[in-house]
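In full-length UniProt numbering, the protein residues as written are 1 to 308.
Backbone N, C-alpha and C fix where the C-beta goes; we use that ideal spot for every residue, glycine too.
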Amino acid sequence: MSASASSPAAEEKQEAAPVTHCKGANDLDKVVLREVRGSSAEAIFKPPKAIRGGIPICFPQFSNFGNLEQHGFARNRIWTIDTDPPQFPVPTSNTAYVDLILKPTEEDLKIWPHSFEYRLRVALTPGGDLMLTSRIRNTNADGKSFSFTFAYHTYFKISDISEVRVEGLETLDYLDNLQDRSRFTEQGDAIVFESELDRIYLGTPSKIAIIDHEMKRTFVVRKGGLPDAVVWNPWDKKAKSMSDFGDDEYKRMVCVEAAAIEKPVTLKPGEEWTGKLELSAVPSSYYSGQLDPDRVIQDSSVPEDSIS
């Protein structure tokens with residue numbers, strides 16, 4: 001789906017649920033996602049092919065952490081408008097939002113035999129900040145619990161990968177997907193990109209900053225219920241191997257994904273899990289040298305208690 005802060009409601013795509021792009025109403029370019037329409041990637045918008053861009057939702061499995069298809073099936077399913085949504089907090093009365101719901105099909109139950117209700121609210125503030133709230137409930141009638149891994153697979157549009165650094169993950173342990181998920185500890189004062197990178201950072205803070213030096217802009221990622229964070233850029237060789245990805249597009253994107261991977265979420269019947277993601281873009285006067293994450297978060301105008 002796509003949304004604009006200048007419109008009274010969100011515009012829903014019928015193919016699948018991921019947000020493909022959003023843009024703020026003010027003069028500051030607040031595109032926080034890689035826009036897949038018209039890109040050289042020739043992104044495919046026909047299920048069951050996943051959309052290469054936006055925010056695909058990885059559920060009930062991230063990557064190949066299980067026996068299902070890559071990243072699970074939620075990102076490839078058709079969602080419906082939720083006509084009876086539960087209470088969701090709305091920051092302001094001018095916030096545009098849409099409520100969606102996903103329930104398993106008969107085919108889904110054959111490959112993952114668990115009943116669930118997945119409710120998703122996608123909200124866009126007047127300032128262009130994007131908020132996603134996922135609520136997943138176990139509705140199994142047989143009394144069985146189920147476990148899942150999860151990620152908001154967010155693609156960010158950037159000026160050039162050589163001009164970008166990610167801060168907030170310093171000194172943390174991570175699993176390196178390029179080295180059989182061996183465990184390492186981040187040694188740098190920020191993550192910079194000089195080759196393919198695919199890591200799962202563990203026990204991450206609720207705020208992560210993505211600094212684009214060329215654009216003099218900082219993306220602020222806030223999250224709740226999602227202890228892990230995935231950082232990914234395919235670099236040139238892998239980019240050329242993906243049919244729906246332009247050969248040079250790796251230079252203009254980076255994925256920083258709020259996730260729950262290392263410790264799967266387990267729900268008993270009737271229990272519900274909530275995972276929140278907030279994305280904002282702020283002009284950064286810290287485009288040279290190390291960013292002060294506290295200052296950027298403060299300047300982002302997103303309430304500190306908006307994720308609990």
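Cα-Cα separation between residue i and residue j, rounded to whole angstroms
| i | j | result |
| --- | --- | --- |
| L120 | F88 | 10 Å |
| N94 | L279 | 17 Å |
| G168 | W112 | 35 Å |
| V231 | R199 | 5 Å |
| D160 | F193 | 10 Å |
| K157 | A239 | 16 Å |
| G270 | R77 | 23 Å |
| K203 | P227 | In the sequence under discussion, the amino acid at residue 203 is Gly, which differs from the Lys named in the question. Looking at the two C-alpha atoms, the distance is approximately 5 Å. |
| L28 | T80 | With a pLDDT of 32 at L28, under the threshold of 50, the modelled position of that residue is not reliable, and the figure given next carries that caveat. Answer to the nearest angstrom: the Cα atoms are 32 Å apart. |
| V265 | F146 | 8 Å |
| N233 | A151 | 16 Å |
| residue 366 | G188 | Residue 366 cannot be examined here, being either before or after the span of the chain that is shown, 1 to 308. |
| P283 | H213 | 10 Å |
| F184 | L68 | 27 Å |
| C255 | E186 | 18 Å |
| I211 | H114 | 40 Å |
| S206 | A259 | 11 Å |
| Q179 | Q70 | 18 Å |
Coil, strand or helix - residue i by DSSP
| i | result |
| --- | --- |
| L202 | coil |
| N76 | helix |
| I208 | strand |
| A239 | helix |
| residue 396 | Shown here, the chain extends from 1 to 308; a query on residue 396 therefore has no answer. |
| L175 | strand |
| E214 | coil |
| E278 | strand |
| E271 | coil |
| S195 | coil |
| E163 | helix |
| I158 | coil |
Chain D contact for residue i (CB, 8 Å cutoff)
| i | result |
| --- | --- |
| D212 | Note that chain D does not occur in the displayed structure, where there is just one protein chain. |
Neighbourhood of residue i by C-beta distance below 6 Å, restricted to the same chain and skipping five residues each side
| i | result |
| --- | --- |
| W235 | S195, E196, Y250 |
| F65 | T149 |
| G72 | C58, F59, P60, Q61 |
| A123 | T95, Y97, M131 |
| R137 | E117, E272 |
| A190 | R165, E167 |
Own chain, CB closer than 7 Å to residue i, minus 5 neighbours either side, in chain order
| i | result |
| --- | --- |
| D129 | E278, L279, S280, V302 |
| T83 | none |
Chain-order list of residues whose beta-carbon lies under 8 Å from that of residue i (same chain, five-residue window excluded)
| i | result |
| --- | --- |
| S182 | L175, D176 |
| K237 | E196 |
| D173 | R183, F184, T185, E186, Y201, L202, G203 |
Completely contained alpha helix (DSSP H) runs for the region 102–131, where each covers 4 or more residues: 106–111
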